[in-house]
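Trainee: Line by line, the protein sequences give chains S and C.
Taking UniProt numbering, I'd label the letters of the first sequence as residues 1 to 150.
Taking UniProt numbering, I'd label the letters of the second sequence as residues 1 to 531.
Just so you know, even glycine gets a beta-carbon here, dropped at the ideal spot from N, CA and C.
Every value quoted in this text rests on a predicted model; they were computed, and no experiment measured them.
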Amino acid sequence: MSTRWYPIFRRGNPQLRIFLPNFFMKLVKPENPQPKNVVTFIVSTEMTKYDVRNYLEKIYKVPVVNVATHNRLGATKMCDKGYVVKDEDYKIAYVTLPKDLEFQFPNLFPKDAEEQQDKDLEELQSLQEQQKKEMEKHWDRQGTPTWFGI
Amino acid sequence: MGAMAKFKNKHHRDIWSYLQEKVKTELPSVGDMGVITTKSEGRPEYVEIPEYPELFDASPKGMKRYNRDQWFAEIRASPTIEEKYWEIAKQKYYGHYTFQLKPDFEPYGALEYMQGITRTHLIIEERLPEVYDGLDAEAANLVERISDRFQDALIFQLTNHKENKSHNAVETSRAKAQVVLQSLVEVLIAELCSEFPHLQSASVDILPRVGATWVAGGLGPHRSLRRLREKVWKKSEEEINEPYEGNASAQVRTELPLPEVVPRDDPLVLEGPVPQPLFHPRALKLKGELLHPINTPGIWPSDPCPFGLVAFLPQDFLVREHICSFGDHYDDQEALHQRGIIAGFAWTFSQAIFQGFDPYNDITYPLVSHVVLSDGRNFSFYVYQLNTIKFHDEYAMKNPQRNLCWATTQQPLFDAVEGGQLHGFNKTVLFNLLKLLIRSPKERVGVNLQPYLGAEKVAANLSDDRYRNCIEEQYKHLSSNRPRHFDRPEIYPWEKIYKVDHNTRPVEPKIRWLRKLPSQHFVCYVTYDVM
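Encoded structure:
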């Protein structure tokens, strides 16, 4: 399954024994509102519907009713030099769970944490300004310690 | 202004002379503007209670809404069914962007969604609604009388029916249901028509084409549209065209409408809980297509029996080998209710359209029809009362009316057929079936059934030959939903990237000649002259 190049065998230990498959499934927040029992993934473009179903049912023991997959074109954008560049293509999988199950995408950036971060930043900035003012007092004696003064 | 005059004024081939003429005739004079003159034109100069005109919202959004309402009034004023259709259909040359509900697919766990997009309050009971209790004695007598003949017909069809040899399980199921339902209708109508005058004058259709296109509001726009709108025009409300198209196995139509089950001011109609659909139909695996609106209850507009009594529909979407099957998780009973709601709504809606209403001009009286879902052995019964058809844009929230659907759970008519004998015949199924058939339609006293239709009613009665032919041709061509003569202009992928998304070739013309719309090639593509 893997297309990775593993290092050449060398004598002695430790050997590289990690299994790195090409298949991955990334849980993402859907761009459009979905029914409560639908989970959205970005998956490897090589994965089929059956792969997605088996991945969830066999490894994570999640019951799956239906899988719908689409290959999406990567977004294009203009770079600074004036030509168009394109992101990698990706496959998106909508997995339908039994209707009595619900999935809600977790709030990864809760408001409290963000507010705390903003507050910290403001404090830091005010301290920096304070220090700058202190430095400006001795503008004519740059690099000299303060005890040199009269 | 008659229909003919409208036709003449609207479509001139030479657009410049048309505009000049329009400016001459439609520019208001000083007197019209009412600024300089104080002439009151027959009205008294002074009244006790002043009458003010309605406040006019002159914001861009308000203007848009005003123009839209003007258009709705224009549709309402069109005198015939076909003209109303044409007024809506001509807006889009290649058809409206629609999400079609197909007869062979019923999405998983979408009962609430189907209720939302049809604004239906669902009542699930073991029996038919209370109003039908009055027919119990009569139906019980009929069951005793008809039962043997009914069973004979059933056994004959089930034992002599040549099995469909195709490997397609869906087709096999559909064919079996078709044979049984068709013979049941024939037997029942033949037995009952001597006693019930409404069945004597009824029409029976075998495999009619039924379709309805309605507008459901209150859903957020999809990602693709949202991105486009961010560039072009910001619009908060979004409406989605939802057509349903399918074949009933058989249906019975009558000259008069069925009486209402509950009156329109009943608390059930005004307060029955209806779930609000919160996501786009794409989330249910429905595909968006460009389609012309289809509104047909299985007939053309001039049919003498425009009201539905009973429709018999197959339930092949439940077959396990189906390509869209959801496996063992699929809830058959829920899927049946979904289909019952959609089929009941679509059939009754298209009947309302044939009485001169449209999705923008609401019905003025309730319409009722019956739906039977069956695979030849299991039967479920639905009574659908249509109270409103207007829930586009903001009316999704504003409109207090709800449609009602009474549903029964699925019941088997018999257990098995062995050796020319029917085992475990369930008389309650026949009893319910008879109750639906003998519920007699009545004339609505004091109700104008077609308030929005003119004297002509259908295009066939229009006096001007050329105009009538054009309208009929358009109506029949568009409702067949064949592709247009001119293909849809294509944007190549490289154009999309280098010209539309990123303006890297500013010197080139934006549109190639062949990519122009037909409206740009010809002055008015929506003319009756060109066709």
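1. Using a Cβ-Cβ cut-off of less than 8 Å, give me the residues of the stretch 478 to 511 of chain C that come near chain S, in sequence order.
2. Which residues share a DSSP beta bridge with L291/C?
3. From V500/C to P297/C, what distance separates their C-alpha atoms?
4. Kindly say whether T96/S, judged by its beta-carbon, lies nearer than 8 Å to any beta-carbon of chain C.
5. Hey, out of Y85/C, K398/C, L188/C, whose CA is closest to E271/C's CA?
6. Ignoring anything shorter than 3 residues or poking outside the stretch 6 to 45 of chain S, list the beta strand (DSSP E) runs there in chain order.
7. Along the stretch 268 to 298 of chain C, what residues have a CB closer than 9 Å to any CB found in chain S?
8. Under DSSP, the beta strand (DSSP E) around H370/C begins and ends at which residues?
9. Using CA atoms only, rank isn't needed, just tell me which of M78/S, N54/S, K91/S is closest to H70/S.
10. Rounded to whole angstroms, what's the CA-CA distance from P451/C to I353/C? Just pull it up for me.
11. Looking at the structure shown, is I363/C part of a helix, part of a strand, or coil, going by DSSP?
12. Which residues in the same chain as N378/C place their Cβ atom closer than 6 Å to its Cβ, once the five residues preceding and following it in sequence are excluded?
13. Tell me where the alpha helix (DSSP H) around D69/C begins and ends.
14. Using only alpha-carbon positions, find the residue among V368/C, I342/C, S201/C, M63/C that is nearest to L111/C.
15. When the Cα atoms are used, what is the spatial distance from H485/C to T388/C?
16. Going straight from the alpha carbon of G62/C to that of D393/C, what length do you get?
17. If you draw a straight line from the alpha carbon of W347/C to that of V447/C, how long is it in whole angstroms?
18. My understanding is that A283/C touches V38/S, with C-beta atoms under 8 Å, so please give their C-beta distance in whole angstroms.
19. Measuring straight from C-alpha to C-alpha, what distance separates W5/S and P14/S?
20. Identify which residue in G340/C, H167/C, R264/C has its Cα closest to the Cα of T364/C.
21. Which residues in the same chain as E456/C place their Cβ atom closer than 7 Å to its Cβ, once the five residues preceding and following it in sequence are excluded?
22. Considering just the uninterrupted stretch of the alpha helix (DSSP H) at E114/S, what are its terminal residues?
23. Is the stretch 365 to 377 of chain C close to the stretch 465 to 474 of chain C, with three or more CB pairs under 8 Å?
24. Note down the Cα distance separating L433/C from F381/C, rounded to an integer number of angstroms.
25. Counting Cβ pairs, one atom from each stretch, are 3 or more of them under 8 Å apart for the stretch 306 to 314 of chain C and the stretch 89 to 102 of chain C?
26. By DSSP, does M78/S sit in helix, in strand, or in coil?
27. Can you find a C-beta in chain S that's less than 8 Å from the C-beta of V35/C?
28. Going by DSSP in three states, C405/C sits in which element: helix, strand or coil?
29. So, does the CB of Q142/S fall closer than 8 Å to a CB anywhere in chain C?
30. CB-CB under 8 Å to I75/C, same chain, minus the five flanking residues each way: which ones, in chain order?
31. At a CB distance below 8 Å, what residues from the stretch 303 to 328 of chain C approach chain S? Give them in sequence order.
32. At a CB distance below 7 Å, what residues from the stretch 68 to 93 of chain S approach chain C? Give them in sequence order.
33. V38/S versus chain C: which residues are under 7 Å apart at the beta carbon?
34. Note down the Cα distance separating D104/C from L207/C, rounded to an integer number of angstroms.
35. Interface residues of chain S around Y108/C at Cβ under 8 Å?
36. So, using beta-carbon positions, are L122/C and H329/C closer together than 8 Å?
Mentor: This is what the structure gives:
1. I497, Y498, D501, H502, T504
2. Its beta-bridge partners are H96/C.
3. 43 Å
4. yes
5. K398/C
6. 25 to 27, 38 to 43
7. For the stretch 268 to 298 of chain C, which is checked against every Cβ of chain S, the residues closer than 9 Å are L278, F279, H280, R282, A283, L284, K285.
8. 367 to 374
9. K91/S
10. 12 Å
11. It is coil, neither helix nor strand.
12. Q410, P412
13. 60 to 77
14. I342/C
15. 36 Å
16. The straight-line gap from Cα to Cα measures roughly 14 Å.
17. For W347/C and V447/C, the distance between alpha carbons rounds to 21 Å.
18. At roughly 7 Å, the Cβ-Cβ gap stays under 8 Å, so A283/C and V38/S are in contact.
19. One Cα belongs to W5/S, the other to P14/S, and the distance between them is close to 18 Å.
20. R264/C
21. Only P79, T80, L462 meet the Cβ criterion.
22. 111 to 137
23. No, the stretch 365 to 377 of chain C does not touch the stretch 465 to 474 of chain C.
24. 8 Å
25. No: fewer than three Cβ pairs fall under 8 Å.
26. strand
27. Legend: pLDDT at V35/C = 47, less than 50; position of this residue unreliable, no value from coordinates given.
28. strand
29. no
30. K84, E87, I88, D358, Y360, N361, listed in sequence order.
31. F326, G327
32. A68, T76, M78, V84
33. In chain order: A283.
34. 15 Å
35. V65, N66, T96, K99
36. no
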